[in-house]
Structure formats: C-alpha cells, structure tokens
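Peer 1:
2 protein chains.
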Amino acid sequence: MLPRRKNQVEEPPEQCPLGECLSVIGGTWTPNIIWYLSEHPRRFSELKDDIPGISAKMLTSRLRKLEADGVVERRVEPTSPPSVEYRLTDLGQELKPAIDAIVSVGHRLKERRAEGD
Amino acid sequence: MLPRRKNQVEEPPEQCPLGECLSVIGGTWTPNIIWYLSEHPRRFSELKDDIPGISAKMLTSRLRKLEADGVVERRVEPTSPPSVEYRLTDLGQELKPAIDAIVSVGHRLKERRAEGD
DNA sequence: CCGTATCCCCGCTGATACTG
DNA sequence: CAGTATCAGCGGGGATACGG
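Chains L and G, in that order, are what the protein sequence lines are.
Going by full-length UniProt numbering, the first sequence opens with residue 1, and the numbers climb by one from there.
Going by full-length UniProt numbering, the second sequence opens with residue 1, and the numbers climb by one from there.
Written as structure tokens, this is what we have:
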C-alpha cells in the first residue's frame, strides 16, 4: 500500500510573533538554561550541575539550538583540561525581560494554586 | 489599588517557576489564544477564524486546559443558535505582561533574522 | 454552531554506553 | 571535562468523521 504522506500544512501566518520567541524559549529545559546564563556565563558541567535532572544529551541539544538561534555563544578555552563556556549573546540578553515576566507570573500561579484555588 | 506584593527574594536552589508558566502558555497555539482573548472575549468560531490553521480539536483542547488552569472562563449563551464565549479570568489577565514581553522580543528576533542573520 | 472520537506521525526526551 | 551515538517511549498535534 502507498505510504501515507502527511499533508503538508502550510505555516499559518502568525499575527503576533509569539511562536518566534516560544520556539526559542519553549523547550523543556531551555528557559532554565537561559535563566542561569542570564546571571553569568557558565561552563557545561556547571550548567549540568545547576539544572538537576538534565542529561548531557539534552543540554548539548538545547545549547546547540540556542547557538543556532543566536542567543547563546559557545567559547572554547584551549586549556589542558578542555573547558567550554557558554554565555548569552546581546540578542540573548533581550530575552531576559520576557523570562522575568514569565518568572513573575509563574510565582503568582504557584501562589494561586497554594491558596487552594 | 493593588495590595503590596511579596518582596522578591532571590530564589533558593529551587528552580525558577518557569515551567509553571510555560506549562500554561507553552503550547503551540496557546499563546495565540491568550493573546486574542486579551483583547476582548471571543466566541469559539471567532477564535477558530482568528487563528488560521488551528483545528477544532486543538482549540477545544487548549481552551479546556486553560480553563483547568483558571486563566480562561467559558460562558455559554443559551440562545437558539448556541453560542459560547471565552474570556480571560483575572488570573489570565496577569499573563498579559509576559505575553507582551514575549511579543516584544519576538519582534526583535524576526527583525534580527530579516537582517540576514 | 460547538464540539468529541479516532487514528497516526513525528519530534522531544530519557537512559545508557562510548569518545577525544 | 565535554560531549556523541543509539535505542526506546511518550505525548502533542494534524486529518477526518461523527454527535448534540
């Protein structure tokens, strides 16, 4: 039988660029990574240690995507034990207000639920 | 007048409640739905028409989840042609700053890419 | 008009083992 | 230390058909 080909749905014209930003910060671990990097640059293992539960694979995956999105810069220190530092780019810094806003409302959501909404 | 908010103390080693909020606005269509409802209440068909490409299934699914999250209220008008109106709750309104911040940075991401990033 | 039910693809994510 | 490779599972999301 013929392999059923998924209908190619054309991208819906986004009225507002919400998808643009959420495709950047929308992953499971991504916002946490950005949040930690927004404080200061960190090395791979530091991030892995700061974010309990994340696997090396996912951390790599997310960092690579963030690099591709131009929000994170990867800097290799050619020391004898190799060390790689990640930091937010200028563009990445612009995500901070959005992250902060999300954190803020996130707190209220938790409070609301704690109150037995 | 708003009651004075809790002091923003720095978060303990606990992770920031990004997931709390992103689990609410993190769906593919969810932010758009919230965005449109933040302007004014809309009916089911209006939303479906305003958001090109969304299926009834997803619209229902997202609206039900937003209801469960307490950010959207469903109001049935018992008219002869049945009509259902959705609107943001008070809690839902609190998401607007986050949405706005995301929209804002979303614009910059688009601009940045348009510049031949 | 306002949904529900079903099927199915595919990308995200985890676990584990391996490399420079 | 900083990753890569591979297998496997789950759940989001789309298409279609049907119900109130």
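Cβ atoms here follow ideal geometry from the backbone N, Cα and C, with glycine treated the same way.
#1: So that I know if they touch, is there some Cβ in chain L lying closer than 7 Å to that of lysine 48 of chain G?
#2: Just to confirm before moving on: does the CB-CB distance between leucine 66 of chain G and lysine 48 of chain G stay below 7 Å?
#3: Taking the beta carbon of alanine 98 of chain G as the centre, do at least 16 other beta carbons fall within 10 Å, making it buried, or is it exposed?
#4: Could you please give the first and the last residue of the uninterrupted alpha helix (DSSP H) stretch that includes valine 103 of chain L?
#5: Please return the same chain residues whose Cβ sits closer than 6 Å to the Cβ of valine 24 of chain G, not counting the five positions on each side in sequence.
#6: Between lysine 96 of chain G and glycine 106 of chain G, what straight-line distance do the alpha-carbon atoms span, to the nearest angstrom?
#7: Looking at arginine 62 of chain G and threonine 30 of chain G, is the spacing between their C-beta atoms short of 7 Å?
#8: Leucine 95 of chain L versus chain G: which residues are under 8 Å apart at the beta carbon?
#9: How is serine 55 of chain G classed by DSSP in three states: helix, strand or coil?
#10: Let's test the definition: count the other Cβ atoms within 10 Å of the Cβ of glutamate 77 of chain G and tell me whether it reaches 16, buried, or not, exposed.
#11: Please classify valine 84 of chain L as buried or exposed, where buried requires at least 16 neighbouring CB atoms within 10 angstroms.
#12: Do the CB positions of arginine 87 of chain L and proline 41 of chain L come within less than 7 Å of each other?
#13: Residue 197 of chain G lies in the alpha helix (DSSP H); which residues open and close that run?
#14: Per DSSP, which residues does arginine 64 of chain L bridge with? Please list them.
#15: Starting from the beta carbon of leucine 91 of chain G, find every residue of chain L whose beta carbon is closer than 7 Å, and list them in chain order.
Peer 2: In terms of the structure at hand:
#1: By one-based count along the second sequence, residue 48 of chain G stands at place 48. Interface residue (Cβ-Cβ distance to chain L less than 7 Å): lysine 48 of chain G is not classified as such.
#2: Stepping through the second sequence from its first residue, residue 66 of chain G is reached at position 66. Stepping through the second sequence from its first residue, residue 48 of chain G is reached at position 48. Cβ atoms of leucine 66 of chain G and lysine 48 of chain G: not closer than 7 Å.
#3: The count along the second sequence starts at 1 and reaches residue 98 of chain G at position 98. It counts as buried.
#4: As a working note, residue 103 of chain L is residue 103 in the first sequence. Residues 96 to 114.
#5: Residue numbering aside, residue 24 of chain G sits at position 24 when the second sequence is read from its first letter. Excluding residues within five positions, the ones whose Cβ falls inside 6 Å are Asp69.
#6: Walking along the second sequence from the start, residue 96 of chain G turns up at place 96. Walking along the second sequence from the start, residue 106 of chain G turns up at place 106. Approximately 15 Å between the Cα atoms of the pair.
#7: Stepping through the second sequence from its first residue, residue 30 of chain G is reached at position 30. Stepping through the second sequence from its first residue, residue 62 of chain G is reached at position 62. Taking a C-beta distance under 7 Å as the contact criterion, threonine 30 of chain G and arginine 62 of chain G qualify as a contact pair.
#8: Here the question's residue 95 of chain L lines up with position 95 in the first sequence. Residues of chain G passing the Cβ test: Val105.
#9: Counting from 1 along the second sequence, the entry for residue 55 of chain G is found at position 55. Coil at serine 55 of chain G, not helix or strand.
#10: Position 77 of the second sequence, counted from the first residue, corresponds to residue 77 of chain G. With fewer than 16 other beta carbons inside 10 angstroms of its own, glutamate 77 of chain G counts as exposed.
#11: Counting from one through the first sequence, the residue named residue 84 of chain L turns up at place 84. Exposed, because fewer than 16 other Cβ atoms sit within 10 Å of the Cβ of valine 84 of chain L.
#12: Position 87 of the first sequence, counted from the start, is the residue given in the question as residue 87 of chain L. Position 41 of the first sequence, counted from the start, is the residue given in the question as residue 41 of chain L. Yes, the pair counts as a contact, with Cβ atoms nearer than the cut-off.
#13: A query on residue 197 of chain G cannot be resolved here, the shown segment of chain G reaching from 1 to 117 and no further.
#14: Working through the first sequence from its first residue, we reach residue 64 of chain L at position 64. Paired residue(s): none; arginine 64 of chain L is not in a bridge.
#15: Start at 1 with the first residue of the second sequence, and residue 91 of chain G comes out as number 91. By Cβ distance, chain L contributes Arg112.
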